[in-house]
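All remarks here apply to the structure that follows.
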Amino acid sequence: MNEVADVMERSDIVAHNLHVAGEHIENEARDPASVMALYTDDIVLEVPGRALRFAGRAAIEENYRRMFGSMTDIEIEPLERFATEDRVVDDMIARFRLIGDGMVNAPLPVGSRVELRLVHVFHMKDGLISREIVHEHWREAA
């Protein structure tokens with residue numbers, strides 16, 4: 004009987020983690036402040052391909068405001084999202100025009116039409132995102 008309860012509890016945790024990651028992806032560009040409550044107090048965001056690391060909600064929110072303020076005509080193509088009890092992986096393609104310099108260390112110049120493959124790895128702790136690692140593959144869109 005306990006095995007069934009444990010499985011149900013694990014599935015609830017996984018479902019919650021998927022919901023939190025979905026809320027984050029859905030709202031980070033629209034209203035960066037609204038997703039800060041989805042993070043733990045010790046949140047760290049890393050973007051290894053652009054050598055970026057942000058610690059704390061304030062630094063991440065400021066980065067999001069600059070970054071999303073430098074994009075227009077944003078289209079998102081979800082590819083896959085799955086979770087465990089302590090991780091969520093989200094794979095997508097984002098297409099946009101880069102219109103400003105808020106995308107720090109972007110490998111394409113301002114004015115480019117970008118196709119960006121993104122794989123987010125969310126580390127989850129107590130139902131919140133404790134670490135976000137964003138792997139990017141940039142290419143100029145046709």
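Residue numbers (the working numbering): 4 to 145. C-beta atoms are modelled at their ideal positions from N, C-alpha and C, and glycine is treated no differently.
Give me the DSSP bridge partner(s) of residue i.
i	result
Y42	I132
T75	R100
V23	Paired residues: none, contrary to the question.
What is the residue span of the alpha helix (DSSP H) that residue i lies within?
i	result
A62	60-72
Please classify residue i: is it buried, with 16 or more other beta-carbons within 10 angstroms of its beta-carbon, or exposed?
i	result
V7	Because the pLDDT of V7 is 49, which lies under 50, any placement of that residue in the model is unreliable, and the number read from its coordinates should be weighed accordingly. Exposed.
E83	exposed
E1	Nothing about residue 1 can be read from this structure; the chain reaches only from 4 to 145.
A24	buried
F57	buried
D93	buried
N108	exposed
P35	buried
A86	buried
R33	exposed
V113	exposed
W13	In the sequence as displayed, the identity of residue 13 is Arg instead of Trp. Exposed, by the Cβ-count rule.
At what residues does the beta strand (DSSP E) containing residue i begin and finish?
i	result
M95	90-101
So the candidates are the options; which of them puts its Cα closest to the Cα of residue i?
i	options	result
R142	N20, F99, E29	F99
E78	V117, E88, D45	V117
I136	Y67, T43, V50, R69	V50
V91	V17, I46, T75	V17
I132	E80, R120, D45	D45
E29	P110, M95, I102, H140	M95
Y42	V124, G130, H140, P81	G130
S111	R53, R69, A86, L121	It is Leu, not Ser, that sits at residue 111 in the sequence shown. Cα-wise, what sits closest to L111 is R53.
E65	R134, D89, L48	L48
A144	H138, H126, S115, N20	S115
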